[in-house]
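Letter 163 of the sequence shown, counting from 1, is numbered 403 in the numbering used here, and no numbers are missing.
We put the CB at the ideal spot given by N, CA and C, even for glycine.
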Amino acid sequence: MRFRSLASGSAGNATLIEGLQAPGADAAPAPFRVLVDCGMNAKQLRQRLQGEGLQMADLDAIFVTHEHSDHVGAAFDVARQWQIPVWSSHGTWLAAGAPDTAGMWQLARDGQPLRWGQMEALPFTVPHDAREPLQLRISQQDVHIAIVTDLGHVTGHVAEHAAHCHALLLEFNHDREMLLQSRYPAFLKRRISGRLGHLANEVAAELLQQVLHDDLQYVVAAHLSQQNNRPEHALHWMRHAVQQAPVELLVASQEGGSGWIEPGAVAPSVSSLAA
241 MRFRSLASGS AGNATLIEGL QAPGADAAPA PFRVLVDCGM NAKQLRQRLQ
291 GEGLQMADLD AIFVTHEHSD HVGAAFDVAR QWQIPVWSSH GTWLAAGAPD
341 TAGMWQLARD GQPLRWGQME ALPFTVPHDA REPLQLRISQ QDVHIAIVTD
391 LGHVTGHVAE HAAHCHALLL EFNHDREMLL QSRYPAFLKR RISGRLGHLA
441 NEVAAELLQQ VLHDDLQYVV AAHLSQQNNR PEHALHWMRH AVQQAPVELL
491 VASQEGGSGW IEPGAVAPSV SSLAA
């Protein structure tokens, strides 16, 4: 199982996860690909996929975490046009306008596992100012990945699902001082920094420190604000959290996302840590 961010930030988010189809009788399993969020239009998604040598038809499933435009984007339209099953909570579907998906929409609930090929995905609720937001923990065999973004504070429920993972895609949204000094209006600063907003760097680092364990191989800082954060600020707090643990630290960007990350293959060495 491997994953990569196609885009990460306030202008649009999309993550591609690739596992294996359920085994057949005669052939080796083919890839099973899931798109988590589609905070872009169909043309942009097609271009991002083509950069990986993929087409829309290569997607086997879509999961929408919540209805904000930088996450839902064209997800339901893509699902309808290319006949791709799309999962979301009922609240997300309603808040997105109850879109017509030509029968492709599937209900996702907190704590109810989803089976995608040989992968098992476990949705979990997060505190965010959306109708019924969910994030994901994905497992295949003994490898576990968690996507944890768009939350205003860390709950025990969130920490439980982020624990014992081999890789984390974790929100490091803003630097508190940069947000305070920004030109954002007061109401927006309160929204971002509030308990239903987004994680500040140091709060994300506290969660990372809480769930750090010997088998954690990769942490990808995600959903960085272009106005109120910098990659070097996120990396500073990530290093503070992991100390000398041999964890590879990466930052996903708005334009480039990240490269492919395959946890459980070969554990990173200390020398491979991001500069």
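Taking the alpha carbon of residue i as the point to measure from, which residue in the options has its own alpha carbon closest?
{"i": "residue 502", "options": "411, 259, 254, 252", "result": "259"}
{"i": "residue 351", "options": "257, 432, 373, 293", "result": "373"}
{"i": "residue 252", "options": "471, 464, 340, 485", "result": "464"}
{"i": "residue 368", "options": "393, 357, 358, 361", "result": "393"}
{"i": "residue 485", "options": "457, 427, 445", "result": "457"}
{"i": "residue 518", "options": "300, 389, 246, 468", "result": "In this structure the chain extends from 241 to 515, so residue 518 is not present and cannot be described."}
{"i": "residue 415", "options": "433, 425, 395, 385", "result": "433"}
{"i": "residue 335", "options": "322, 324, 313, 370", "result": "370"}
{"i": "residue 240", "options": "292, 263, 476, 443", "result": "The chain is shown from 241 up to 515; residue 240 falls before or after that span and cannot be answered."}
{"i": "residue 481", "options": "349, 308, 494, 459", "result": "459"}
{"i": "residue 309", "options": "494, 295, 287, 281", "result": "281"}
{"i": "residue 329", "options": "295, 358, 366, 359", "result": "366"}
{"i": "residue 467", "options": "420, 427, 430", "result": "420"}
{"i": "residue 313", "options": "349, 247, 428", "result": "247"}
{"i": "residue 483", "options": "445, 473, 296", "result": "445"}
{"i": "residue 262", "options": "473, 381, 478, 469", "result": "381"}
Could you tell me the alpha carbon to alpha carbon distance between residue i and residue j, rounded to whole angstroms?
{"i": "residue 241", "j": "residue 423", "result": "42 Å"}
{"i": "residue 254", "j": "residue 267", "result": "31 Å"}
{"i": "residue 397", "j": "residue 499", "result": "29 Å"}
{"i": "residue 490", "j": "residue 450", "result": "19 Å"}
{"i": "residue 385", "j": "residue 418", "result": "30 Å"}
{"i": "residue 461", "j": "residue 455", "result": "18 Å"}
{"i": "residue 343", "j": "residue 320", "result": "8 Å"}
{"i": "residue 452", "j": "residue 404", "result": "8 Å"}
{"i": "residue 323", "j": "residue 406", "result": "32 Å"}
{"i": "residue 440", "j": "residue 311", "result": "19 Å"}
{"i": "residue 435", "j": "residue 356", "result": "32 Å"}
{"i": "residue 495", "j": "residue 341", "result": "28 Å"}
{"i": "residue 515", "j": "residue 264", "result": "Here residue 515 scores only 31 on pLDDT, less than 50, and its place in the model is too uncertain to base an answer on."}
{"i": "residue 379", "j": "residue 364", "result": "14 Å"}
{"i": "residue 512", "j": "residue 488", "result": "Because residue 512 sits at a pLDDT of 36, beneath the cut-off of 50, its placement in the model cannot be relied upon, and the point is left open."}
{"i": "residue 427", "j": "residue 492", "result": "27 Å"}
{"i": "residue 430", "j": "residue 413", "result": "14 Å"}
{"i": "residue 257", "j": "residue 289", "result": "12 Å"}
{"i": "residue 345", "j": "residue 331", "result": "13 Å"}
{"i": "residue 395", "j": "residue 478", "result": "19 Å"}
{"i": "residue 283", "j": "residue 292", "result": "15 Å"}
{"i": "residue 298", "j": "residue 473", "result": "36 Å"}
{"i": "residue 295", "j": "residue 243", "result": "17 Å"}
Would you call the CB atoms of residue i and residue j closer than 8 Å?
{"i": "residue 376", "j": "residue 303", "result": "yes"}
{"i": "residue 326", "j": "residue 285", "result": "no"}
{"i": "residue 274", "j": "residue 305", "result": "no"}
{"i": "residue 400", "j": "residue 438", "result": "no"}
{"i": "residue 475", "j": "residue 402", "result": "no"}
{"i": "residue 358", "j": "residue 269", "result": "yes"}
Of all the CB atoms in chain B, is at least one closer than 8 Å to the CB of residue i?
{"i": "residue 501", "result": "This model lacks chain B altogether; it includes just one protein chain."}
Look up residue i in the DSSP assignment and give the residues it is bridged to.
{"i": "residue 375", "result": "364"}
{"i": "residue 522", "result": "In the structure as shown, the chain begins at 241 and stops at 515. Residue 522 is therefore absent and cannot be evaluated."}
{"i": "residue 501", "result": "243"}
{"i": "residue 328", "result": "347"}
{"i": "residue 255", "result": "245, 276"}
{"i": "residue 333", "result": "DSSP output for residue 333 lists no bridge partner at all."}
{"i": "residue 303", "result": "276, 327"}
{"i": "residue 356", "result": "359"}
{"i": "residue 383", "result": "380"}
{"i": "residue 260", "result": "271"}
{"i": "residue 473", "result": "According to DSSP, which records beta bridges pairwise, residue 473 is partnered with nothing at all."}
{"i": "residue 493", "result": "497"}
{"i": "residue 414", "result": "440"}
So, under 8 Å CB-CB, residue i and residue j are touching, yes? Tell me the CB distance rounded to an integer number of Å.
{"i": "residue 278", "j": "residue 315", "result": "4 Å"}
{"i": "residue 388", "j": "residue 504", "result": "No, residue 388 and residue 504 are not in contact; Cβ-Cβ is about 19 Å, not under 8 Å."}
{"i": "residue 497", "j": "residue 250", "result": "Not quite, the Cβ-Cβ distance comes to about 14 Å (not below 8 Å), so this is no contact."}
{"i": "residue 353", "j": "residue 347", "result": "That belief does not hold up - the Cβ atoms of residue 353 and residue 347 are roughly 13 Å apart, past 8 Å."}
Any heavy atom of the ligand PLP closer than 7 Å to the beta-carbon of residue i?
{"i": "residue 396", "result": "As far as ligands go, the structure on display features none, and thus does not contain the ligand PLP."}
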